[in-house]
Structure formats: C-alpha cells, structure tokens
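2 protein chains.
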Amino acid sequence: MTERIFNFSAGPAVLPVEVLEEAKENLLSLGKTGIGILEHSHRGKAFLAVYNQMVDDCRKVANIPDDYDILFLQGGASSQFFMIPMNLLNADKTGDYVVTGMWAKKAVEQAKRFGNVHIAASSSDKNFSYIPKLTTWSDAPAYVHFTSNNTIFGTQFATEPTAPSGVPLICDASSDIFSRPIDIRKYGLIYAGAQKNLGPSGVTLVIIRKDLVKQGPLDIPEMLQYRTHAENESAYNTPPTFGLYLMGLVFKWMLNKGGLAEIENMNRAKSKVLYDYLDQSTLFRGTADFDSRSHMNVTFVTGNELIDSRFIEAAKAAGFDGLKGHRSVGGMRASIYNAFPAEGVSALVDFMRDFEAKNS
Amino acid sequence: MTERIFNFSAGPAVLPVEVLEEAKENLLSLGKTGIGILEHSHRGKAFLAVYNQMVDDCRKVANIPDDYDILFLQGGASSQFFMIPMNLLNADKTGDYVVTGMWAKKAVEQAKRFGNVHIAASSSDKNFSYIPKLTTWSDAPAYVHFTSNNTIFGTQFATEPTAPSGVPLICDASSDIFSRPIDIRKYGLIYAGAQKNLGPSGVTLVIIRKDLVKQGPLDIPEMLQYRTHAENESAYNTPPTFGLYLMGLVFKWMLNKGGLAEIENMNRAKSKVLYDYLDQSTLFRGTADFDSRSHMNVTFVTGNELIDSRFIEAAKAAGFDGLKGHRSVGGMRASIYNAFPAEGVSALVDFMRDFEAKNS
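If you read the protein sequences in the order shown, they are chains A and B. Per my numbering, residue 1 is the first one in the first sequence, and the count goes up by one each step. Per my numbering, residue 361 is the first one in the second sequence, and the count goes up by one each step.
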C-alpha cells in the first residue's frame, strides 16, 4: 500500500486512519449484512442502527442538551448562510454579524436578502488578521452571528462573544467544531460543514435550540425549513448516508480519544510546536495577531513571495501537501485539524528549520 | 469476507462490485498520492483530474450536447422540486405537471409556492398504476414536468411525453436515469438523485440547457441559482467529493458495459424474467398496467396481505433483501436498477416459484 503523506489541506481534510480502515472494511458489506454501507436503504434496520448510534455519540461528544435538535443537512455552510436569515430574519428584524473573514462576509450578503444586517464588529481594516475585541450590538437583534475560526486568515475566537441577554448566538463553526469543549447552552444555533473536523464533504451538522426550530415561516419550501428536518430526523428525503456513517466513526474516535477536553489538549500541543518555532524564526512569521491565533489553521509567510513559493514546492516534494495559503492572504497555511497527526507537525517544523538554515 | 446478498433496495441501492472494489483501494490513498479520496482538497490537482474525467464520461455516456451544462448539486431531487419553479416560474407563468406518483405530487406542491400549476394529466384515479396517455397542456406553459419512472408504483414512461413546441421538457429521472438511451435534445432539464443508478446518496445530477441556466432570477440566494453552479463547475462551495468520485467510477462502468444501449438490453432482459414469471403465476400478479410497467421497479402482490408478509420474511431469510413494497401500494417491490445482477433476478424467480408451489 502507498504510504500516507502529511496532508495539510484546509478541507476536505485528513481523517483518522482508524476511521478510514473501518470504512474500508464495510464498503462491500456493513458488518455481516451482505450489503455495503453505501447500498443500505436509509429506512432499513441496519442503517437506522448506524444513524441512531451516530446521533447518540454526537450528543455525548459535545454534551448537547435535550432541548437542542441535531440535524444533518446538505448544501454546506453556504446553504446555512441563507437558511438562517430565511428562517429567523425578516424585513422588520435585524441580524447582528461579527465579520472576521471571507465566510462571515458571505453570510452577511445572504442575510441582506431577508432582513436588516448590523455589522457589530469587523476586522476587515487589517485584512482580517485579528479577532475584534469590541462589539456594538444593535437594539434587540434577532440573533448574533459569528465565525468561530477563520480558515483563510488563521484566526480563532478564544471564547464566544457575549450576545445581549436573551438574543440567540449563532455560530459558523465549520473549521473548529468539536476541536475543544463547547458550552452548547450559550448558543441558539451552531453549524458546520463536516469536511474539516467531522467527516467527508457533503454533510452539514446543525445544532439548534428547539424554540428556534419552531420560529421559521411555513411559507418557504419544506426542504428549507428547520422543522422539516427536525420532525423527520434528517430523513425527510434521502440523507447522505455514507457521510453520516463516517461522522459516526469520527464521533466514536473522538470519544475514544477522551472527548473534547483531551482533543483540545492535543490540538494546543500541535499548534504550540508550530507557533513556538515561528516566534523564534528569522525567516518565517505568523500572519495572525498573537492573541487571535487559530489552533486549526496556522498561517505564515516569509515576507518574500518567491521564497514562499520555493518553500511550498520543496515541502510538497518532501511529502508535506496542501501548504499553499489562500490567495487572499498568500504565503502558507498549515491546517492541523483534530485528525492531523502530531508527528506531522514536528516533521514540518524540522523541515522548516532545515529550509531556514539553507536560506539564511 | 462476508458474502454479498441480493439487495433489492429502492435506493440507496446496489452498486457495481467493481466500483466498490476500486473505491476501497483508494480510501487510504487515491492512487499513489498518499492521500485518501475523501481527504483530497476539491481544488487540488488530484481531485480535479477525477472530476474532469467524471464529467467527460458523463457527457459521453448520454451523448450530452455542448449547449447543456452538467451540474452536481446537493439536497436530492426534493431540492429540485423547489429550485426548478424558483428559477423558471413566477406568478405570471404556469408550469404543466404530469402527475404519476407521490414524487410528482411533491414536485407540484413546491411549484405552487412560486407560480401557477396546471395538471396536464394524472393517474391518481387508479392509485398511479398506469402512465396516462392523454395530456392537456395549458396555453404557453413555462415548462412541462414529468417523472419518467415511478419508484413506488412500478410504472415508467415508455418514451417521454411530447411537450408543446418550444416548451422546455423537464424530467425527474431519479429512478431510471441512464438505464436506457436518452435523447437529451428533447429536454430542457433532467435531474436525478444519484442513489439509484448513479452512485451514493448526497449528489444530484442536473443536466440543463444553457439558455435555461440564464433565465433564473438574480434576487434569490446564489446557492439556489443554477448559474452559480454552472459558472463554478459545481464547486461554488465544497462539493460532495466522494460522491462525485463514485459517480465517475459508475460512468466508467457504464461505458465498459457498452453504454446505454447495452445497459437497456441488460435491464430489459432482467425485468422480462420477472414479468414473464408474474404473468403466468397463479399466486403473484404485477400491480402496474401492462404497458406502463417499469424496468427498474417491479411491483407485485399476492392479493393477500398475510401471504405477502410471509413471502417477504421468507425471502429475507433466503438472502433477498429489500422486497417490501412502499406502504402506499403494499405487497412487494423488486428494485432492479442497472447494477442489480441478472443472477439475482433469476434466483428470485426460482425462489418465488418454489414459494408458490408450497402455497397453492
């Protein structure tokens, strides 16, 4: 078998080897059923057992209270950008948005189609290199929306902003969901595309407080109402069964690792190795403000585009894939989500140190 | 390895063993890349090669002309039920619908949200057991919509209805797409959830004439505009990469089998074995009208619910899974899509013959 290389892709991203191995075993026959996991009816006994276990494990991983529905939708976080205001905003209401990157901006654009938008804070003045500390909420917003981790810019909220009392806090947690303990009670709705920390692309996890499920209008297509999916346990129509199966394996892997507290320790240890090196390097430097740094996506540059691209090329040749930064930031980005192995980070730092020695 | 049983599931459905074997080999490393197929960035070279080959093969399979876009969306056919009228209907326009089953009815319900609906024909008078021959089109409809195969009721259009001249013909082909040659030029838009004939659940194939892509309004969310996906080669946001990969393997399998003409021969041969037996059986009988019979879903009953359920149970114990009919028809349903093996149909008929002998 081909040896696996270190995959720093921002998403779809590396998955735990144990998860892939188990999926592999079940591709032609799920357990002893004689039917592959991809081929089971979503209404059949075998798949429903997989589904129910997956939901139970998801609830356990993040300690999700019973008054929250756990939904599995399609269309990515990009579909939540419009489903949220479509269900929770209207011409008489205002949604407050904290704008910390490109995805937050996209969420704002969709919200404007359905109601009023107030920008409560933004870090666009410095190319989103920091998490703003001050927020100015509007009077009685329908909700507050923020992006907990900004994949492109390598920034992350250390802790969630405090929404005005009684106002639902909504979070796009696509790139740091379940990377650390989370107090679900502080949120009205949390959503995340699966392809970074949870599984393959093509499934979106939506954790939503039940009172918000009921708030949405009834005159929009059923598929775009949260209640449709809540009432039908995410099987109003055929769900992406393989994605749900894989997420179940990932949740099980998280529990086996010791849960979110232990996963946070692992993640902090990984990012520390990289940031510690960056902070003493004379060739490389991090692009995000110190106290806004992401533990998921570490962005850095040399300050010289030519050297950046030489580094990326050399790293790729040495088995470090996906290090090219997003075009809006340039430079490098190391995405080190939950499943990214610690030895890959150490190996990268060794490689960078070596590259630095040769290029100083 | 567990032996595979005969899986008559209506969808997600059986996939070609060759496809599953190849996917299995690429789960931990796509070729020699050292990165599993699930873990490759959708913008990376390796995945783009997979994607481009897949689209080329899709175009080849159905001989799709260049003035049609091939889109891969999420949300199933259920999302097309509203996306189509959202993009192509409004309060001043009428969509003509041929209603031949539950899914057609669902499409009608969504269309009513956006414009006028005219029922051009319906077989609801006889529980959708036939395909209506006569259609009464409205004056200048925006489009004509029909469902080529009705999974639940076991009926199928022998050939597409003739829409009024210049009116786009729209087809929900979820359960018989690429099961026989198709003249794409006759259509404005064809869509299908992948989970029956094309791949896993979680991807929807949309073949749409380019002039229709341009017709949609600009004031709806980008994700719901066909143009967004056409302009971005279905990667406006992260696509369900594994589903696209698997569809590519299925298209390749179709081409290796000799293409749609040969696949139609295989499908007709399979359904003939089952229908021939049903037509001479004194215990079982088909539920669909003779000239409306589906080559994909064969529905039948004994006329005695108790015997039906005894049969389903006995069949399951003998390794024939998924034969229970939909609750709205009762009885049995054998879904024998492209990938369902001919020997499974013969084995089922042998089993039925045996059951009949013991129960007469």
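Here a beta-carbon is modelled for each residue, glycine too, at the ideal position from N, C-alpha and C.
{"Check": "Give the C-beta separation of V563(B) and G603(B) to the nearest angstrom, bearing in mind that I take them to be a contact with Cβ-Cβ under 8 Å.", "Outcome": "4 Å"}
{"Check": "On the DSSP bridge assignment, give the partners of R327(B) in chain order.", "Outcome": "Chain B is shown from 361 up to 720; residue 327(B) falls before or after that span and cannot be answered."}
{"Check": "Run through chain B and tell me which residues come within less than 7 Å of P239(A), C-beta to C-beta.", "Outcome": "S561"}
{"Check": "Mind checking whether V705(B) and K630(B) have CB atoms under 8 Å apart?", "Outcome": "yes"}
{"Check": "For a contact defined as C-beta to C-beta under 7 Å, what are the partners of D321(A) on chain B?", "Outcome": "I395"}
{"Check": "Please report the distance separating the alpha-carbon of A518(B) from that of L529(B).", "Outcome": "16 Å"}
{"Check": "Who are the Cβ neighbours of D183(A) in its own chain at under 7 Å, not counting the five residues just before and after it?", "Outcome": "none"}
{"Check": "Could you give the DSSP three-state label for A315(A): helix, strand or coil?", "Outcome": "helix"}
{"Check": "Please list the segments of the beta strand (DSSP E) lying wholly inside the stretch 493-539 of chain B, counting only runs of 3 or more residues, in order along the chain.", "Outcome": "503-507, 529-532"}
{"Check": "Please list the residues of the stretch 22-33 of chain A that have a C-beta atom closer than 8 Å to any C-beta atom in chain B, keeping them in chain order.", "Outcome": "A23, K24, L27, L28, S29, G31, K32, T33"}
{"Check": "Please determine, among D681(B), V573(B), N412(B), P599(B), the residue with the shortest C-alpha to C-alpha distance to Q74(A).", "Outcome": "P599(B)"}
{"Check": "Checking contacts by CB at 8 Å: is R587(B) closer than that to chain A?", "Outcome": "no"}
{"Check": "Does the CB of L558(B) have a neighbour CB from chain A at under 8 Å?", "Outcome": "no"}
{"Check": "Judging by CA-CA distance, which residue of L30(A), E22(A), L28(A), K32(A) is the nearest neighbour of L388(B)?", "Outcome": "E22(A)"}
{"Check": "Under 9 Å Cβ-Cβ, which residues of chain A neighbour R473(B)?", "Outcome": "D219, I220, P221"}
{"Check": "If we count the other Cβ atoms within 10 Å of its Cβ and call it buried at 16 or more, is R293(A) buried or exposed?", "Outcome": "buried"}
{"Check": "Which same chain residues, not among the five before or five after T495(B), have their C-beta less than 7 Å away from its C-beta?", "Outcome": "V458, A480, A481, P521"}
{"Check": "Keeping to the same chain, check which residues put their C-beta closer than 6 Å to that of G342(A); ignore five residues upstream and five downstream.", "Outcome": "Looking at the sequence shown, residue 342(A) is not Gly but Ala. Taken in chain order, the residues that qualify are K270."}
{"Check": "Could you check how far apart the C-beta atoms of E39(A) and N627(B) are, in whole angstroms? I think they sit under 8 Å.", "Outcome": "18 Å between Cβ atoms; not a contact."}
{"Check": "Verify whether the separation of the beta carbon atoms of D308(A) and M332(A) is less than 8 Å.", "Outcome": "yes"}
{"Check": "Using DSSP bridges, identify the partner residues of R293(A).", "Outcome": "T155(A)"}
{"Check": "Excluding the 5 residues flanking E264(A) on each side, which residues of the same chain have their C-beta closer than 6 Å to its C-beta?", "Outcome": "R180"}
{"Check": "Thinking just about the alpha-carbon of each residue, which of F660(B), K574(B), A717(B), N386(B) is nearest to the one in S695(B)?", "Outcome": "F660(B)"}
{"Check": "Can you pull the chain A residues whose beta carbon is under 7 Å from the beta carbon of I365(B), in chain order?", "Outcome": "G34, I35"}
{"Check": "Please classify P581(B) as buried or exposed, where buried requires at least 16 other C-beta atoms within 10 Å of its C-beta.", "Outcome": "buried"}
{"Check": "For Y97(A), which residues does DSSP report across the bridge?", "Outcome": "I119(A), H145(A)"}
{"Check": "Given the structure, does N412(B) come close to the ligand FMN, in the sense that its CB is under 7 Å from one of the ligand's heavy atoms?", "Outcome": "With respect to the ligand FMN, the structure offers nothing, as it holds no ligand at all."}
{"Check": "At a CB-CB cut-off below 7 Å, which residues of chain A make contact with T362(B)?", "Outcome": "S29, K32, G34"}
{"Check": "Among the residues of its own chain, which have a CB less than 7 Å from the CB of L30(A), if the five just before and after it don't count?", "Outcome": "G36, I37, H40, A46"}
{"Check": "Express the C-alpha separation of V206(A) and T507(B) in angstroms, rounding to a whole number.", "Outcome": "32 Å"}
{"Check": "Determine whether the beta carbon atoms of V250(A) and P65(A) lie at a separation below 8 Å.", "Outcome": "no"}
{"Check": "In the structure shown, what three-state DSSP assignment does Y191(A) receive?", "Outcome": "strand"}
{"Check": "Decide if F290(A) is buried, meaning its Cβ has at least 16 other Cβ atoms within 10 Å, or exposed.", "Outcome": "exposed"}
{"Check": "Is K472(B) helix, strand or coil when you go by DSSP?", "Outcome": "coil"}
{"Check": "For Q640(B), count neighbouring Cβ atoms within 10 angstroms of its own Cβ and tell me buried if that reaches 16, exposed if not.", "Outcome": "exposed"}
{"Check": "So does the stretch 81-90 of chain A actually touch the stretch 128-145 of chain A, counting three or more Cβ pairs closer than 8 Å?", "Outcome": "yes"}
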